[in-house]
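Input: a single structure, listed below in structure tokens.
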Amino acid sequence: MKLNVNQKTLILGIETSCDETAAAVVENGTVIRSNAVASQIEVHRRFGGVVPEIASRHHVDQITVICEEALRKSGVAWEDLDGIAVTQGPGLIGALLVGVNAAKALAYAHQLPLIPVHHITGHIYANRMVSELHFPLIALVVSGGHTELVHMKEHGAYEVIGTTRDDAAGEAFDKVARTLGLPYPGGPEIDRLAKQGSPVIDFPRAWLEEGSLDFSFSGLKSAVINYVHNEQQRGHKLNHADIAASFQESVSEVLVKKTMMAAERVHAKQILVAGGVSANSKIRSEIEEAARTRSIPLTIPPLSLCTDNAAMIAASGTIGFLKGTRADLSLNGRANLNIEDF
Amino acid sequence: MNVLAIDSSNLVMGVAVTAEQKVLSELITNNKKNHSERLMPALAQIVQAAGLKPSELDRIVVAEGPGSYTGLRIGITIAKTMAWTLKKELVGVSSLEVVAQNGRGFDGYVAPFFDARRGQVFAGLYEQKDGKMVQTVPDQLVLMENWLPALAKRERPVLFLSNDLDKWGEKLSSEAFAVLGDSTQNLPRPAELARIGATKEPVSDVHHFLPVYLRLAEAEAKWLAKQGR
Ligand SMILES: [Zn+2]
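As they're listed, the protein sequences go chains A and B.
In this text, residue positions in the first sequence follow my numbering: the first is 64, and each later residue adds one.
In this text, residue positions in the second sequence follow my numbering: the first is 21, and each later residue adds one.
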């Protein structure tokens with residue numbers, strides 16, 4: 064299949080899979096015309112994590128506000144749009160339903176094509192707003208819900224060649240942060256704290272079987288929790304900065320080595336990093352160095368495109384639009400959705 | 021005035037289009053839920069059956085709750101999104117008030133309710149005055165065992181209307197003052213929703229129009245309890 068990816072397009076993207084209500088207009092799959100996000104981080108902080116029912120309630124409150132902001136800032140009129148792309152899944156089902164039904168109402172009201180998007184393909188396509196993609200490529204997707212290595216031979220074709228067997232990397236960050244008494248969300252806190260410490264504690268690295276590209280972070284998480292308990296029992300004073308640095312070192316070493324292994328295996332012409340955890344400064348610098356020594360071009364989106372946003376959904380939806388992927392008005396949100404079906 | 025009415029607040033899903041005194045098209049289902057999949061196609065079908073285009077609608081009326089949280093969010097998200105993007109009026113009507121319309125002509129009180137699990141019901145009390153159903157007791161979340169004695173004190177019989185009579189019918193029929201609705205009276209009719217919505221004041225802020233949940237999210241309730249409030 065040969066797509067004309069340079070075709071002129073204007074796509075509205077909508078994303079409500081977790082705790083960000085987002086809408087954006089993207090031109091030609093590469094240029095952000097607007098990118099509106101209402102974050103609920105403050106709302107969920109007092110609960111120590113995202114509460115699905117509360118997230119869903121907030122999405123209903125924000126959905127049209129954010130769509131209006133995206134349209135207004137883009138300067139694009141409804142009749143100029145080529146389609147509406149929306150995250151179908153995976154994610155929190157109650158949250159997904161708000162975006163999906165708003166998108167269907169808009170597609171119906173303006174008689175526009177409706178394009179379902181897999182959330183992870185959005186994270187991957189956040190990179191296309193930084194650099195054109197070169198195939199074959201390897202994308203490392205790391206977030207609170209995902210840790211995946213995706214192999215792409217062409218636009219819009221995804222093969223998962225590595226995935227986590229238990230916790231996502233971001234989950235491990237959140238749980239370790241909670242153990243250390245850090246506020247939610249834990250990722251940025253660990254990153255900040257780690258800069259003041261050194262990786263002197265030898266936490267395990269889960270390499271799994273020889274040559275495996277899968278991940279496992281539950282052992283590491285337990286090791287950190289056990290270490291903290293044991294030290295406390297012995298009456299030792301904990302060095303939180305060293306614990307954070309050592310934990311982060313372990314996560315980053317596994318992520319980087321497996322990504323490089325995957326890249327070499329498929330003779331990747333490019334490595335992409337995507338997802339909320341790619342905001343982590345240690346992971347960013349380690350993977351940059353590893354890619355440089357192997358002379359493989361690396362793309363990491365700016366921080367604003369690493370966390371959930373709708374520009375990435377519009378960017379991936381642009382490819383779906385060009386491929387002819389369409390949904391009718393019976394489109395439903397799906398908490399679990401296989402990226403390889405897209 | 022062309023009115024589109026949407027009700028997905030409970031198991032019953034309904035869509036209707038009315039113009040002035042006429043019901044142009046109406047659809048009700050009372051089987052499986054999955055409103056997220058079925059509501060938009062039903063809506064498109066019913067608007068088309070009325071011979072209208074979306075842009076020709078003047079007002080969108082939606083059942084605002086109480087009811088199933090997810091069901092409410094689907095109907096309200098669609099209603100507010102259409103009202104906002106097509107620049108139409110938006111009106112919210114109590115889901116219980118819609119059911120209460122089926123008690124018109126009953127000589128006494130009309131008590132619509134929805135089962136809310138753990139012995140609770142979403143319930144309100146209505147009665148007919150000058151040919152209109154008016155509210156006597158506001159919609160609330162209440163334990164059925166507290167709701168019944170409150171109604172028993174009243175002088176006139178009470179007509180219970182609910183799609184959940186299979187669960188509550190037996191208990192209710194043991195009450196001397198209770199009359200139970202029949203199969204057609206128990207279903208909210210979207211054309212009734214359109215009719216009462218046509219005379220109400222549109223909401224002033226479409227963006228922040230929200231379902232009437234009548235109940236805090238569980239995590240919120242627990243958090244407040246922990247704060248000792
Ligand atoms: Zn994400």
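In this text, a Cβ means the ideal position worked out from N, Cα and C, and glycines have one as well.
Compute the beta-carbon to beta-carbon distance between A:K345 and A:S315, rounded to the nearest angstrom, for a pair I have assumed lies under 8 Å.
Locating residue 345 of chain A in the first sequence gives position 282, counting from the first residue. Locating residue 315 of chain A in the first sequence gives position 252, counting from the first residue. Going by Cβ atoms, the distance from A:K345 to A:S315 rounds to 5 Å, so yes, they are a contact pair.
Going by Cα to Cα distance, which pick from A:R328, A:K300, A:A337 and A:A342 is closest to A:L36?
Past the boundaries of the shown model lies residue 36 of chain A; chain A is included only from 64 to 405, so the question cannot be answered.
Contact list for B:P158 against chain A, beta-carbon separation under 8 Å
Counting from 1 along the second sequence, the entry for residue 158 of chain B is found at position 138. Simply none; closest approach about 21 Å.
So, helix, strand or coil for B:E84, using DSSP?
Start at 1 with the first residue of the second sequence, and residue 84 of chain B comes out as number 64. The answer is coil: DSSP assigns B:E84 none of H, G, I, E or B.
Let me see if you follow: with CB-CB separation under 7 Å, is A:A240 close to chain B or not?
Counting from 1 along the first sequence, the entry for residue 240 of chain A is found at position 177. No, because no Cβ of chain B sits closer than 7 Å to the Cβ of A:A240.
What residues from the stretch 228-257 of chain A come within 7 Å of chain B, judged by C-beta to C-beta, listed N to C?
none
On the criterion of 16 or more Cβ atoms from any shown chain inside 10 Å, does A:D254 qualify as buried, or is it exposed?
The sequence position of residue 254 of chain A within the first sequence is 191, counting from 1. Per the 10 Å Cβ criterion, buried.
Can you pull every residue whose C-beta falls closer than 5 Å to some heavy atom of ligand 1, listed in chain order?
A:S206 and A:D371
Interface residues of chain A around B:Y89 at Cβ under 9 Å?
The residue you call residue 89 of chain B lines up with position 69 of the second sequence. Simply E116, S119, R120 and G157.
Using only CA atoms, which one of A:I95, A:A269 and A:M215 lies nearest to A:A232?
Within the first sequence, the letter at position 169 stands for residue 232 of chain A. Here the closest residue by C-alpha is A:A269.
Helix, strand or coil, according to DSSP, for B:E212 in the structure here?
The count along the second sequence starts at 1 and reaches residue 212 of chain B at position 192. B:E212: helix per DSSP, three-state reduction.
Own chain residues within Cβ distance below 7 Å of B:A70, not counting five before or after
In the second sequence, the residue the question calls residue 70 of chain B occupies position 50. So the list reads V37, L44 and S45, once near-sequence residues are dropped.
Straight-line gap, A:D305 to B:W167 (C-alpha atoms, nearest Å):
Here residue 305 of chain A refers to the residue found at position 242 of the first sequence. Here residue 167 of chain B refers to the residue found at position 147 of the second sequence. So the alpha carbons of these two residues sit roughly 60 Å apart.
Closer than 9 Å by beta-carbon distance: list the chain A residues that pair up with B:V226, in chain order.
Numbered from its first residue, the second sequence carries residue 226 of chain B at position 206. Under the 9 Å cutoff, chain A gives T127.
Report the neighbours of A:S393 on chain B: residues whose CB is nearer than 8 Å to its CB, in chain order.
Along the first sequence, read from residue 1 onward, the residue named residue 393 of chain A stands at position 330. In chain order: E57, R58, M60 and P61.
Alpha-carbon to alpha-carbon, B:V232 and A:P364:
In the first sequence, residue 364 of chain A corresponds to position 301, counting from 1. In the second sequence, residue 232 of chain B corresponds to position 212, counting from 1. About 40 Å.
Check whether the stretch 59-69 of chain B touches the stretch 227-241 of chain B, taking contact to mean three or more Cβ pairs, one atom from each stretch, closer than 8 Å.
no
So, at 7 Å on beta carbons, what are the nonlocal neighbours of A:V287 in its own chain, with the 5 sequence-adjacent residues on each side left out?
As a working mapping, residue 287 of chain A is identified with position 224 in the first sequence. Excluding residues within five positions, the ones whose Cβ falls inside 7 Å are V239, T242, F266, I306 and F310.
In the structure shown, what three-state DSSP assignment does A:H415 receive?
Summary: the structure shown does not reach residue 415 of chain A, with chain A confined to residues 64 through 405, and so no result is reported for it.
Determine the direct distance from the alpha carbon of A:F405 to that of A:T150, and round the result to whole angstroms.
Counting from 1 along the first sequence, the entry for residue 150 of chain A is found at position 87. Counting from 1 along the first sequence, the entry for residue 405 of chain A is found at position 342. A:T150 and A:F405: Cα-Cα distance of roughly 12 Å.
Could you check which residue in B:V226, B:A239, B:G201 and B:Q41 has the C-alpha nearest to that of B:I251?
Coverage of chain B is limited to positions 21 through 249, which leaves residue 251 of chain B absent and any answer about it impossible.
At a CB-CB cut-off below 9 Å, which residues of chain A make contact with B:T49?
The count along the second sequence starts at 1 and reaches residue 49 of chain B at position 29. By Cβ distance, chain A contributes nothing, its closest Cβ being about 14 Å from B:T49, past 9 Å.
Whether or not the stretch 125-132 of chain B and the stretch 148-157 of chain B are in contact is what I'm after, with contact meaning three or more pairs of Cβ atoms, one per stretch, closer than 8 Å; do they touch?
yes
Does the Cβ of A:I129 have 16 or more other Cβ atoms within 10 Å, making it buried, or fewer, making it exposed?
The residue labelled residue 129 of chain A in the question sits at position 66 within the first sequence. When all chains shown are included, A:I129 counts as buried.
Expressed to the nearest angstrom, what Euclidean distance is found between the alpha-carbon atoms of A:A325 and A:T356?
Position 262 of the first sequence, counted from the start, is the residue given in the question as residue 325 of chain A. Position 293 of the first sequence, counted from the start, is the residue given in the question as residue 356 of chain A. The alpha-carbon atoms of A:A325 and A:T356 are separated by roughly 15 Å.
Spatial neighbours of B:V111 within its chain, please: C-beta separation below 6 Å, excluding the five flanking residues on both sides.
On the second sequence, position 91 is the one that residue 111 of chain B refers to. V81, G217, K220 and P222.
Within 7 Å of any Cβ in chain A, is that where the Cβ of B:K108 sits?
Numbered from its first residue, the second sequence carries residue 108 of chain B at position 88. It does not; no Cβ of chain A falls within 7 Å.
I need the boundaries of the alpha helix (DSSP H) containing A:D124, first residue and last residue.
The residue you call residue 124 of chain A lines up with position 61 of the first sequence. Unbroken alpha helix (DSSP H) run through A:D124: P115 to S137.
Report yes or no: is there a C-beta of chain A within less than 7 Å of the C-beta of B:T219?
The count along the second sequence starts at 1 and reaches residue 219 of chain B at position 199. So, not an interface residue.
At 4 residues or longer, and completely inside the stretch 270-345 of chain A: list those alpha helix (DSSP H) runs for me, N to C.
281-296 and 303-328
Cα-Cα, which of B:K52, B:R176, B:I66 and B:D184 is closest to B:P210?
Within the second sequence, numbered from 1, the residue matching residue 210 of chain B stands at position 190. If we check each option's Cα against that of B:P210, B:I66 comes out closest.
Thinking just about the alpha-carbon of each residue, which of B:E84, B:G139, B:S224 and B:L200 is nearest to the one in B:V118?
Position 98 of the second sequence holds residue 118 of chain B. When each option's Cα is compared against that of B:V118, the closest is B:E84.
In chain A, which residues lie less than 9 Å from B:M102 when you measure between Cβ atoms?
The residue you call residue 102 of chain B lines up with position 82 of the second sequence. What B:M102 touches in chain A: A168, L169, Y171 and A172.
If the cut is a Cβ gap below 8 Å, which residues of chain B does A:V161 touch?
The count along the first sequence starts at 1 and reaches residue 161 of chain A at position 98. Those within 8 Å of A:V161 in chain B are R93 and T97.
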